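If you count by this note's numbering, then the sequence shown holds residues 1294 to 1433, one letter each, in order. Glycine included, every Cβ here is placed at the ideal spot set by N, Cα and C. Everything numeric in this text was worked out from a predicted model, so none of it was measured.
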Amino acid sequence: MKRKQRTEILIQDGGVLAKELAEMVTQSYKFREIEEPHYGLTMIKMRETAKKSLFYLGEALVTEAKVEVHQSIGIGIVIGMEEELAKHLAIIDAAYRAELPETTEWEEKLEVAAEKIYQQKVKQQAEILKTKVNFETMEV
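Here you go:
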């Protein structure tokens, strides 16, 4: 699983799985905070559809952290004021970079979480579609 997909799953899960995986690492390995979680601003890039040109939509508040586990550095960045989640993401990223044996067990947990998130989105989409108005059947 790619880093981007893994991070999206961990964030959309609400941080529950991220906390569980990070605790598995911190119980077995020493870790060092290079940068404790702190706030910053980042620019949001968008692509204009007609001209296909990039422009900056605005800024977003992010929380970022850097952690070292087993001589590998991990980075955790999340939108909003989520200090704990940013730290957990950094620990998980460092564990993957260090290729710790625990990471092979995590793939199944991540896939289960991804399926759960997908099912929640499908259910939410179905709820939204129930309220959709069909204008063709309305009388004038």
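Closest in alpha carbon position to residue 1319, among 1428, 1388, 1342, is 1388. Per the Cβ contact rule, the segment 1377-1395 is in contact with the segment 1298-1314 (3 or more Cβ pairs under 8 Å). Here residue 1308 is not bridged, per DSSP, to any residue. Residue state for residue 1322 is assigned as coil, using DSSP reduced to three classes. In this structure, the straight-line span from the alpha carbon of residue 1411 to that of residue 1396 is close to 22 Å. The continuous stretches of alpha helix (DSSP H) do not include residue 1375, and DSSP gives it neither H nor E. Under the criterion of beta carbons closer than 8 Å, residue 1369 and residue 1361 do not qualify as touching, at roughly 13 Å.
8 Å or more divides the Cβ of residue 1366 from the Cβ of residue 1355.
Here DSSP, grouped into helix, strand and coil, assigns residue 1342 to coil.
A direct Cα-to-Cα measurement between residue 1378 and residue 1427 gives close to 42 Å.
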